[in-house]
Structure formats: C-alpha cells, structure tokens
Amino acid sequence: MQQTHTAAVSDPIFEVRDVSVSFDMDRGESRVLDEVDIDIQRGEILGVVGESGSGKSMFASALLDAVVDPGVLTGDISFHPEDGPSVDLLDRSDDEDIKDIRWRQIAMVFQGAMSSFNPTMTIEDHFRETLSIHDYDVEEGMERARDLLSDLYLEADQVLGSHPHELSGGMSQRALIALALVLEPEVLVMDEPTAALDLLMQRSIIELIKDIARERDLTIVFITHDLPLVANLADRLAVLYAFEFIEVGPADDVLTGAKHPYTRALLNATPNLDTPREEMRPIEGAAPDPVNVPEGCSYHPRCPMADETCVREDPPLDGDDDAHAAACHYVERVPDEVPLTIREVTIND
Ligand SMILES: Nc1ncnc2c1ncn2[C@@H]1O[C@H](COP(=O)(O)OP(=O)(O)OP(=O)(O)O)[C@@H](O)[C@H]1O
Ligand code: NI
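According to UniProt numbering, the stretch in the sequence shown is residues 1 to 349, in order.
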C-alpha cells in the first residue's frame with residue numbers, strides 16, 4: 001500500500017475546524033455535519049467512508065463551500081495552496097476571489113458523469129468552455145486535455161469528438177475526471193465517482209486515480225460507502241458516523257487495527273476486502289436521524305459496549321498519538337470486546 005510521503009511531517013492543505021452544516025426543518029434543526037475537525041495533508045489520498053446518510057456528501061460540499069440552500073455552513077476551513085497565500089474558504093468578504101480559487105484549485109467529481117455533461121455539447125466543447133471561462137489558454141489547455149485523456153486510457157480524438165451519450169459509463173466517468181483536472185487543481189474531491197460502474201471498471205479507475213495522483217502531486221479526498229474499494233486507494237481513512245468523524249488514521253492501521261467499535265462493525269460487515277458488495281452483511285440497527293442524534297456517544301444505541309458514560313458523555317476524537325485517533329470512551333477494551341471476524345485482510349497493491 002502506498003505510504004503518504006507527508007505522513008511524518010504535517011503539511012496540511014486543508015485545516016477544517018468546527019465545521020457544521022444545519023438545515024432548519026419543520027421537525028426541528030437538522031444538523032447534518034456536526035463540529036467536524038480534520039486536517040487534510042498535501043499530496044495524500046484521504047478516504048472518507050460511512051453508511052448512507054452519515055454526512056459524506058455534506059462534508060464534500062463543505063470543502064467546496066457549496067452547501068445547497070437553505071443549509072447553513074459554519075466553522076473555519078483554511079486552504080493552503082502550494083503557491084500563494086492561505087485563504088479562509090468560508091470568509092464571505094471577498095467572494096469572487098474565493099470562487100475563483102475554488103474552481104481552479106479545488107475540483108470536484110460526482111457520481112453519474114452523464115448528468116454533469118450537457119447532452120447537446122461535444123466533450124471537446126466542454127473542455128474549451130471550462131478553459132475559457134476560467135481564462136486559461138485554450139489551445140495549451142487542450143494539449144493538456146489530450147494528455148489527461150490518454151493517461152486515462154481513452155482515445156483522445158475520438159472522445160473529444162463525441163457527445164456524452166456516445167460514450168460508455170466508464171468512458172464518460174474518465175472524461176469527467178480529465179475535465180476536472182484540466183485546470184490543474186491541487187485538490188480533487190471525488191464523491192462516489194465510480195458508484196455507477198461495474199466492479200472491474202471501478203477497480204481500473206481506482207488504479208488510474210492512484211497513478212494520476214502520484215504523477216501530478218494531487219491531494220485527493222475520495223468519498224465512498226464502499227470500504228473495500230477505498231482500501232486499495234487511500235493513504236488515510238476517515239470514518240464518518242452520525243455526521244462526525246469517529247476514527248481517523250493511516251489506512252493500514254485502520255484496516256488491520258480499527259479502534260472504534262463502529263469501524264470494526266463496518267469491517268466485520270465486509271468478510272474480506274475483495275467481497276462483492278452484494279455479499280456484505282449489514283450492520284445491525286439504523287443510522288441516526290439528523291434531527292434526533294442520540295445524546296452522549298451517538299453510536300451508543302448500536303454499540304455492544306455502551307454503558308452509562310456512553311449515554312451521557314460524547315467522547316472526543318483522540319488517541320495516544322495524533323496519527324490514529326478514535327472517538328470512544330473505551331478504546332483499550334475494544335479489540336477484546338468487538339473482535340474482528342474478518343477472515344483475511346487482503347490489501348492489493
Ligand atoms: N438539501 C437537504 N436538506 C436537508 N437535509 C439534507 C439535504 N441533503 C442531505 N440532507 C441530509 O443530510 C444528511 C447527510 O446526507 P449526505 O448526503 O451527506 O449523506 P451521505 O453520507 O453522502 O449518504 P449517501 O451514501 O447516501 O450519499 C442526511 O440525513 C440527509 O438526509
Ligand atoms: Ni452522498
């Protein structure tokens with residue numbers, strides 16, 4: 001597995017502090033991201049995993065300051081580009097500059113490329129339009145586009161001349177990744193970018209993302225509910241439960257020595273990391289409703305270890321070293337009380 005070259009020295013490209021997102025609902029305040037703190041290191045691939053509805057996409061929207069109305073985003077997100085001054089992404093005073101930074105330096109790829117493309121335009125039109133909107137040299141940019149498409153094992157001329165519907169799902173998803181990279185961003189945020197594809201295509205795109213990240217010094221935030229998929233990709237894993245990170249650490253450490261009962265349940269739902277998703281066992285109980293998150297540790301209603309303390313006190317996310325942290329009152333007892341039933345952790349590289 002790839003080791004992040006920034007593991008020893010902290011060189012964050014993002015510092016996320018106390019970031020929350022809430023919606024005012026008829027049923028009450030819905031807090032769909034709850035005082036989240038995390039550093040994202042320059043050049044790393046951070047895998048963000050969690051069940052459906054845990055807040056993964058909200059975290060992505062927060063990083064891009066793109067939370068949909070009427071969601072309210074609060075907290076601080078500092079962005080430290082390689083060249084140029086650091087910016088507070090949530091500072092509203094100079095909006096235009098910040099928007100520009102967001103688009104040039106932080107790119108986003110969603111699942112379902114089809115809905116991201118305009119069906120009446122060719123793929124080439126999309127590249128040209130993106131380049132000219134952001135004041136890039138279009139011809140130079142098109143050179144880059146061809147290189148990117150070839151790096152993604154696409155026939156550049158053929159793809160550029162096509163309309164979106166003429167491409168297969170795998171081809172259009174790769175074209176979308178190339179489009180996201182043509183402005184040479186420093187960060188690529190990917191929210192379930194391969195979810196609509198078959199397993200083989202997912203795996204091959206993961207390999208391509210790895211290569212491109214290394215070659216271009218990209219920082220990648222890769223969001224998925226699919227732990228086996230990201231296990232082969234991420235340098236570090238961050239596990240979301242009930243709108244908070246409950247475990248963060250180097251991918252190998254989290255996969256082989258998960259500290260939080262929930263992460264262990266997630267791993268146990270995955271008999272081995274090559275298990276097709278259809279064969280995964282579900283975790284018992286339901287994920288919390290954002291209007292009604294349990295007091296204390298939000299995992300306590302589902303946790304086999306929960307006691308009075310867990311019902312009352314929300315455990316902080318910390319560990320003996322900063323590198324691998326978990327939010328559980330009883331971290332020391334977890335390995336004995338929630339054994340890993342996983343037969344074998346296969347980490348391919
Ligand atoms: N526009 C919205 N208004 C109100 N609540 C929302 C809105 N969008 C999402 N939510 C709620 O925010 C919570 C987190 O949603 P989010 O989309 O981040 O989950 P997710 O982890 O990405 O799930 P999935 O794996 O299904 O994509 C959910 O409870 C969801 O219902
Ligand atoms: Ni989502």
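Glycine included, every Cβ here is placed at the ideal spot set by N, Cα and C.
Determine which residues share a DSSP beta bridge with residue i and list them.
{"i": "PHE110", "result": "ASP191"}
{"i": "VAL21", "result": "LEU33 and LEU73"}
{"i": "ARG123", "result": "Checking the displayed sequence, the identity of residue 123 turns out to be Ile instead of Arg. According to DSSP, ILE123 bridges with nothing at all."}
{"i": "TYR241", "result": "GLU244"}
{"i": "SER78", "result": "GLU15 and ASP88"}
{"i": "ALA326", "result": "GLU247 and ASP318"}
{"i": "GLY28", "result": "MET25"}
{"i": "GLN41", "result": "PRO12"}
{"i": "ARG236", "result": "LEU46 and PRO250"}
In whole angstroms, what separates the C-alpha of residue i from that of residue j?
{"i": "TYR299", "j": "GLY50", "result": "13 Å"}
{"i": "GLY161", "j": "ILE123", "result": "6 Å"}
{"i": "LEU266", "j": "SER132", "result": "45 Å"}
{"i": "GLU139", "j": "ARG203", "result": "32 Å"}
{"i": "GLU332", "j": "PRO315", "result": "14 Å"}
{"i": "MET1", "j": "GLY75", "result": "Residue placement at MET1 cannot be trusted, given a pLDDT of 43 that sits under 50; what the coordinates show is reported in the next sentence. Cα to Cα, MET1 sits roughly 34 Å from GLY75."}
{"i": "MET58", "j": "SER30", "result": "12 Å"}
{"i": "ALA196", "j": "ILE212", "result": "21 Å"}
{"i": "GLY257", "j": "ASP39", "result": "21 Å"}
{"i": "ARG27", "j": "PRO290", "result": "10 Å"}
{"i": "ALA66", "j": "PHE23", "result": "14 Å"}
{"i": "ASP69", "j": "VAL21", "result": "11 Å"}
{"i": "GLU129", "j": "LEU340", "result": "51 Å"}
{"i": "SER150", "j": "MET25", "result": "47 Å"}
{"i": "ASP37", "j": "ASP318", "result": "11 Å"}
{"i": "THR165", "j": "MET142", "result": "Sequence check: residue 165 is His here, not Thr. Between HIS165 and MET142, the C-alpha separation is close to 21 Å."}
{"i": "VAL311", "j": "LEU208", "result": "44 Å"}
{"i": "GLY43", "j": "ASP137", "result": "26 Å"}
{"i": "GLY296", "j": "GLU313", "result": "4 Å"}
{"i": "ASP217", "j": "PRO185", "result": "10 Å"}
{"i": "HIS5", "j": "PRO12", "result": "At HIS5 the pLDDT is 44, less than 50, meaning the model places this residue with poor confidence; the figure from the coordinates comes in the next sentence. One C-alpha to the other measures close to 12 Å."}
{"i": "HIS126", "j": "SER168", "result": "17 Å"}
{"i": "HIS80", "j": "ARG104", "result": "14 Å"}
{"i": "PRO282", "j": "LEU63", "result": "29 Å"}
{"i": "HIS329", "j": "ASP307", "result": "10 Å"}
{"i": "GLN3", "j": "HIS324", "result": "Its pLDDT being 46, under 50, GLN3 is placed unreliably in this model, and the value from its coordinates should be taken loosely. Roughly 15 Å between the two C-alpha positions."}
Compute the beta-carbon to beta-carbon distance between residue i and residue j, rounded to the nearest angstrom, for a pair I have assumed lies under 8 Å.
{"i": "HIS163", "j": "PRO119", "result": "7 Å"}
{"i": "GLY249", "j": "LEU237", "result": "7 Å"}
{"i": "PRO228", "j": "THR263", "result": "The pair is not a contact, with the Cβ atoms about 14 Å apart (cut-off 8 Å)."}
{"i": "ALA231", "j": "LEU199", "result": "Contact doesn't hold; Cβ gap of about 14 Å is too wide."}
{"i": "VAL19", "j": "PHE222", "result": "So it is not a contact: roughly 19 Å between Cβ atoms."}
{"i": "VAL187", "j": "PRO261", "result": "VAL187 to PRO261, Cβ: 32 Å. No contact."}
{"i": "LEU154", "j": "ALA180", "result": "So it is not a contact: roughly 14 Å between Cβ atoms."}
{"i": "PRO106", "j": "VAL189", "result": "According to the sequence displayed, residue 106 carries Ile and not Pro. Indeed, because the Cβ distance is near 7 Å, the residues count as touching under 8 Å."}
{"i": "ASP34", "j": "GLU244", "result": "5 Å"}
{"i": "PHE110", "j": "SER172", "result": "With 8 Å as the limit, PHE110 and SER172 do not qualify as a contact, their Cβ atoms being about 12 Å apart."}
{"i": "ALA242", "j": "VAL159", "result": "The Cβ separation is near 41 Å, so there is no contact."}
{"i": "GLU15", "j": "SER78", "result": "4 Å"}
{"i": "ILE45", "j": "ILE220", "result": "4 Å"}
{"i": "ASP191", "j": "ALA287", "result": "About 18 Å separates the two Cβ atoms, so there is no contact after all."}
Just to confirm the assignment, what range does the alpha helix (DSSP H) spanning residue i have?
{"i": "ALA213", "result": "199-216"}
{"i": "THR224", "result": "Per DSSP, THR224 belongs to no alpha helix (DSSP H); it is in the beta strand (DSSP E), 219-224."}
{"i": "THR309", "result": "308-312"}
{"i": "PHE117", "result": "From DSSP, PHE117 is part of no alpha helix (DSSP H); its letter is neither H nor E."}
{"i": "GLY285", "result": "Where GLY285 is concerned, there is no enclosing alpha helix (DSSP H), given that its DSSP letter is neither H nor E."}
{"i": "GLY257", "result": "251-257"}
{"i": "SER57", "result": "56-63"}
{"i": "ARG146", "result": "138-151"}
{"i": "LEU340", "result": "Unbroken run through LEU340: none, as it is neither H nor E."}
{"i": "TYR262", "result": "261-268"}
{"i": "ARG174", "result": "169-181"}
{"i": "ASP157", "result": "156-160"}
{"i": "PRO228", "result": "227-231"}
I want to see whether chain E comes within less than 8 Å of residue i, judged by CB atoms only; does it?
{"i": "ILE220", "result": "Judged by its chain identifiers, the structure shown contains no chain E, having just a single protein chain."}
Using a threshold of 7 Å, is the CB atom of residue i nearer than that to any non-hydrogen atom of ligand 3?
{"i": "LYS259", "result": "In terms of ligand content, the structure shown lacks ligand 3 and carries ligand 1 and ligand 2 instead."}
Are there any heavy atoms of ligand 2 lying less than 7 Å away from the beta-carbon of residue i, as far as the coordinates show?
{"i": "LYS56", "result": "yes"}
Say yes only if the C-beta of residue i is nearer than 7 Å to one or more non-hydrogen atoms of ligand 1, and no if none qualify.
{"i": "VAL193", "result": "One detail in the question is off: residue 193 reads as Pro in this sequence, not Val. PRO193 Cβ: outside cutoff for every heavy atom of ligand 1."}
{"i": "SER30", "result": "yes"}
{"i": "VAL187", "result": "no"}
{"i": "PHE23", "result": "yes"}
{"i": "HIS225", "result": "yes"}
On the DSSP letters alone, give me the boundaries of the beta strand (DSSP E) that residue i sits inside.
{"i": "ILE45", "result": "45-49"}
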